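Each remark here refers to the structure printed beneath this line.
Protein chains in written order, with the numbering used here: chain A, 1 to 341; chain B, 342 to 682; chain C, 683 to 1023; chain D, 1024 to 1364; chain E, 1365 to 1705; chain F, 1706 to 2046.
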């Protein structure tokens, strides 16, 4: 039987102008749905695992369309609570060259942000489940949601389910102080901690040296210390950090490292010509979960996760619509992009 | 110098699937902006008058795009306050034949609904203005907005500005009871009252006989009584009522009547093949304001207003992008739609 | 627990130019998937039942996209066999006014047409299932598929599952003679027989009088005899016949009748302004199955089925994306298409 | 060997907003090419004849794209002279219901309008040709072009080629006086004269009684006199008049009559739901030429021509992409628009 | 009060195929409007200044749509004269890699090119204005327009308005000889002269050494002499030269220099991945005007102008829809294009 | 008189999602047609030669649209046999960065694959023809088609027509063994042999050293031996080999070599930013044929062919819509992609 993974978070309506049009030029928006935890659910389903996405969506057609969007990719949405007022929205303007991509959030008052404990029966949701994943965005949606997260974590731990969390700090949602406090509480239950090149600093004040992100300078070596500190702080079994060097809105370098408590494993670095980089971090988390749930070695796990997320950058939308075979082909070194006939 | 009209209300982002696609089928949304009062502002500007739209929009690009959308059509947006959290949204699915069009509102917490009295300097806004128009939607946005409406009305009256109000009842925004109470307060300041075939009943419990709207049956004669009652209740100088007989989502009959305190004037009735009927009522209000501000006779006024709004039904989006010449051609009887070369 | 329905047939890739463009004008095709039995599965899922679609699709992404298309609408695709060479295709050019819509089939050699008995474990598929539905298209795909149909029918009967069949004659797939012979064999297992205004004549040589379909003339009365003959021939428990009068490619009259062995029930007739009429018959079958599975009276059943399929004609694509509430509103007489806010 | 037809005129770039959008709303234009004589050339090629289009187009890619557009439909463009400054343009806004379609011409200074006699070797062009067709638009492009027309006519007559001319008066191009004078000169060479319900009046002051075109009122009977007068004036062998009754921009009645010097033949009248009516007259001319070149009886000729042009109204763009079989099916009475599978 | 800038020139309709399609492949054109001086007007309005665009446009909807396009971005169009025959058009095919972008002009006989002196009341237009800008394209439209330019310059000088001119040589509009003569007359009134890497050579025969533009080789050092010579020739207060090194249609290097009579200031050079390079020079002029009108130092001015125009290359259409904050962020060194949430 | 070239092969319907969308994301497909031999026919027609494409297409509109697609570009399609069941299809998903482009073929049972000898009258087809070209795909379609190829070759040789063949191995169509055998038979008739960096190895087991294609490593020097061996094996007059180094799906290096029996000529190598690389090899063949038919020197021929095919990579669709002038400009060294006004 296929392993089951649960993710919990917000599913947002994503509205994006065509191509590189600025918001003020747009006469139509491409309609997709996304959000950290749903992104992971879809990616894992594409890798062949069973994934369950837990959230709350309003009873109208805008909510239903979001659920349909997930169902299309095979995600189990039967535990999505229906109710509340609205679907959170994010507007995405794609940048190019020196012009940055821009995200405008309109997510306050969304259904999930007004959900309550009673709406989620974690005992039932976690039936036969192997892994539970969420990101730091979920608790940032409100104290009620943070509490639901903690509840879920407790039951997951009780059921010996592995818990992973991507710190994913969003300064529009909460202050660094509040994030530090609440994520500190939550991280006690977390086995696998995932962060990007900024999160550890933003949430837990753990800074990497020799790094100036807005100039595309990221010192990989110094992130060993960050990973070490993170692990020490919360006794994580594993810490993974993605390392993005942003050359321009079109071109990024992308790598990651994994600290398994014993050793540090640096992945290959890929130079990526970007189609859509939103969801890049989530695709990394998915790759990592997939490889860990399948007992890959640390070295193989980090290479799989980075290759998976490298490929995500070539796909429109939040979701990483990539198969295990495609990831493995890249891990083995075929980055030539030659036509497959 | 051109006459100036002020309208006050909400400008919403309108998101609509292509053609007749249902929401769950949509992969992109057409992006326009609209809302009763902005619709009137644009239509009057197209008729050659100066129009000022007053509202509040957030400082981000989604707000700016809305302002640009109005500026494109020449509306003066210099009194739009910038601030607040979000642009109200409405999702529009176009119906066909027996399937009804569907509107889903996501307008709570919009910038205008959180505006305060101090943000609008009506003395300045109303400088050299001839007419002030709003609809019943504006006060329905919240008690604060209702109060701003009343303030504006008072200053308008002081400055001898004609005030028109389209009752425009929206049951998603307030109860009939509350609407009745607050609109009752506001109507004291109103000179020209506009209603559709349902408003008088919904807001002031004045019912037309022999009318079953969901079966497309509208008894024109009985609306004389409705107009008479309305006028009596608030001492309006004029009452106009639009009369839509909905044969199907594609085909409507459309007429109106005007009661000027002395006589009742029934317009011609048009059979319309609909392109987009949203904003139909607003286009009627615009036609009426235009003809009254230009001292048309009651008969000519109602014919102009109905012809103008007939033509609106053939245009995509909320706005009636029709010229005075086009309206006059229809009033004179050329409804043949022959190619103009 | 929700009732479960199984349908069995081909899922085709549908490629259609935009709007009313002819094939030779098309620079892009809209991509959807459809086919009689999948259409029924989706419609029943929209009505709130569980539906399982059984078929065979190739292992490539064109096959996967078809499965995703069904999953999006909640259909259970876990019994779709993967293999074979290709997805059957149909090209659809939408007609207008006096110009007919045109379908070009490219469905030979599709995966399902090359499937074999061993690939379908009907005992397992029919676990806890209440209803089994297919159309005359499925056995027409080849002798192997016809045999699979008969197998399925036998097991269905054994398990006391109601079997319905829509005759759906396609002259591109087989001759009238062959259709008559094989459908004759199959109909022995069928409880509910559905036909359109031509099928009984094409398949079983049962003709309606006073009918000239290419002139839009359909004599409802004479179809009573057709229904009676059909029932007599195969001892169906119920026979339903849809009655389309084609005024033009844009406008059709649409009605149906149901013979339950005791009485004949004529539905209301709707005049429909067509958005997309493909799948109209399947939406009728869905409405009929839904109402019969829920024990509607014969009168209510035929009205529900006709109203449901009336609404289908207003929706792009093969699928009837309509809720039970929307059907009931129309049954109750609200055909006005007024905006639902 | 297939019969060859030559047409001579302007090929314009046609720029049209999507659907029913007004010009001021358009963010893109659909790009096609058209013009009376090219429309006829394409339609006749679709009917299976050989057609040669003669014109002048600039040497740039905008000119080449026009030629490619014709080549796509099989028209022989080898006699299109390359040179001059620009392609004439017409902007087309599609009307709906009571709103008229609108054409804005930007055709001055086009290559064809600056062409000279020497550029066209009619002896060579007319080699083995059976029929020569042009419309009143061509001579209206300038005195030079009128003179080229007359030259062509003279050589055509010398070679016993049948000459047809569609009067097609355009008031933006010349006055009624000038049209009357020049067309009077040209009509001496014309065998088959084609006109619409206004042309005879505009060009030759021959008026139909009981007719008010802007109210959709066209008295068919009175056009007998018009045809008779036309024939008498220029000794045409045949006169055909199309009779459009414009109910609205969406719905037209369409019929025609043919006077063959002996009798008057009235066609059936079709009620058409319009997709695109531009080129309607040209499609009639094509149908007439096809049927006369194939020696149809007068009755059959007029029915074929009207049915062909009825179908044109269902097709986007200037060109009538209809086969002889499709026309014949309609002539025989199948106007039901039923799906052809 | 905001500073006011006036620009004077042609507003063209820009028609461009989607993406990288060649003209002969295009089935639709994206519709925008642009032209050197309107580009500057929009960009300065985006920077927060008031800008007035002066031109002449026909009275039809194609002209109106152009005005609306400018109004959308807040430009004052009240001095655009309405009349004349047509809107000038340019067709734009976007190049890629080694394939060059292609512009086909169809701008002869445009309204502005047929305008006369009396139509522009420069005394009124220049009321309270700080800066007047135009490019060498405007006088190239015809002797009448050149004379209007000189008139405007004279009145601007009288009113102590700073005058800037971008030489912008277009060989399709006039010969180098004629350009040299007329621009020589005009440059006497110019304070700030702007040129690209070719203009000085084309118009005034001032050549840069070591430069082969078609091979992407541009010697920055040698342009000091060019700037020095230009200044000497006309006693400009400032000379700015943009320096584009074209690696391919997708990738350009972009820099500029400013000579303020005392010193030469070289900007940073940016490597740009191009979205749309049309309007690049105009966006530079806008940045320069903005920084000079705000009394930036020469160093800061050239950096602001180059950064602003660098960002233009990432935006579709002629207009630089960039804010002052975005430019400043790039000037400060953040070229990473990281997502702004 | 223009030289005539004949090509023979399959014309496929090409269905491709927009931009970089994956198949499972696509809601529409761009519709074009292509295939090796038609690609060469179009390219040569663009270079100004006459080209005749020989194939078999079904009689329906999907077949007609393919013929129209070729006619648009001026190719003579009068020898395309009409009949058979279907148009072969290929689905194309465009890759990006490390993600490969993907082609899914659905070409079995196409009309051409079921064609027979009698349908092609090569004596007539080859009348006045200078060159005959096909690729290894054509004989791979079936033994019947291979035999038709050989027949054509024999008659071509008899008529002293130069025969070129691009080996173009497709492993989905036949095994290497079978390809080797049949291509071995055919190559006896071939004068000019064209191959890519893999074909010689796949078909004739001639391997290049130091080459690992999936890592973008191609050793140009070692292909001299490959060319030498090929020539020796079949006594070709010329052997040309294209050398693609795939850096990523977006960026390729592209070069070629020509062995004329005396010397080896290496072309320049281009670094290409790819728009669409399908048809790259065919555009090389076209360039080579054009230059050889025009008696270019070996050096000039290979440079022309490589420059032509370099430019193809910048154009959407299979066809190389490039003029001789554009190729020559690149050959001369202008690769700057600067705007041509």
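All C-beta atoms, glycine included, are put in the ideal place defined by N, C-alpha and C.
Being a predicted model, the structure only gives us computed values, none of them experimental.
Can you name the start and end residues of the alpha helix (DSSP H) that residue i belongs to?
i, result
"residue 284 of chain A", "280-293"
"residue 1694 of chain E", "1688-1695"
"residue 989 of chain C", "980-994"
"residue 805 of chain C", "804-807"
Would you identify the three-state DSSP class for residue i, choosing helix, strand or coil?
i, result
"residue 1126 of chain D", "strand"
"residue 688 of chain C", "strand"
"residue 1255 of chain D", "helix"
"residue 1573 of chain E", "coil"
"residue 1242 of chain D", "coil"
"residue 909 of chain C", "helix"
"residue 23 of chain A", "helix"
Starting from residue i, trace the beta strand (DSSP E) both ways and give me its first and last residue.
i, result
"residue 1603 of chain E", "1602-1610"
"residue 272 of chain A", "270-273"
"residue 933 of chain C", "933-941"
Assuming the contact rule is C-beta atoms closer than 8 Å, residue i and residue j should be a hit. Round their C-beta distance to whole Å, please.
i, j, result
"residue 1337 of chain D", "residue 1307 of chain D", "With a Cβ gap of about 14 Å, residue 1337 of chain D and residue 1307 of chain D do not count as contacting."
"residue 1034 of chain D", "residue 1066 of chain D", "No, residue 1034 of chain D and residue 1066 of chain D are not in contact; Cβ-Cβ is about 14 Å, not under 8 Å."
"residue 1797 of chain F", "residue 1727 of chain F", "With a Cβ gap of about 12 Å, residue 1797 of chain F and residue 1727 of chain F do not count as contacting."
"residue 1707 of chain E", "residue 1533 of chain E", "Because chain E here runs from 1365 to 1705, residue 1707 of chain E falls outside it and cannot be looked at."
"residue 790 of chain C", "residue 1814 of chain F", "7 Å"
| task | Return the chain-ordered ranges of every alpha helix (DSSP H) run that is complete within the region 371-441 of chain B and spans a minimum of 4 residues. | result | Here the runs fully enclosed are 377-387, 402-413.
| Can you list, in chain order, the residues of the region 427-460 of chain B whose Cβ is nearer than 8 Å to any Cβ on chain C? | Listed by position along the chain: 436, 437, 438, 439, 440, 441, 442, 443, 444, 446.
| task | Please list the segments of the alpha helix (DSSP H) lying wholly inside the region 476-544 of chain B, counting only runs of 4 or more residues, in order along the chain. | result | Along the region 476-544 of chain B, the alpha helix (DSSP H) occurs as fully enclosed runs of 4 or more residues at 478-481, 484-499, 517-528, listed in sequence order.
| said: Any C-beta of chain A within less than 7 Å: which residues of the region 751-767 of chain C qualify? | reply: Sequence-ordered contacts of the region 751-767 of chain C with chain A read 753, 754, 755, 756 [C-beta pairs closer than 7 Å].
| query | If contact means a Cβ-Cβ distance below 9 Å, which residues of the region 2002-2033 of chain F contact chain E? | reply | For the region 2002-2033 of chain F, which is checked against every Cβ of chain E, the residues closer than 9 Å are 2012, 2015, 2016, 2018, 2019, 2020, 2021, 2022, 2024, 2026, 2027, 2031.
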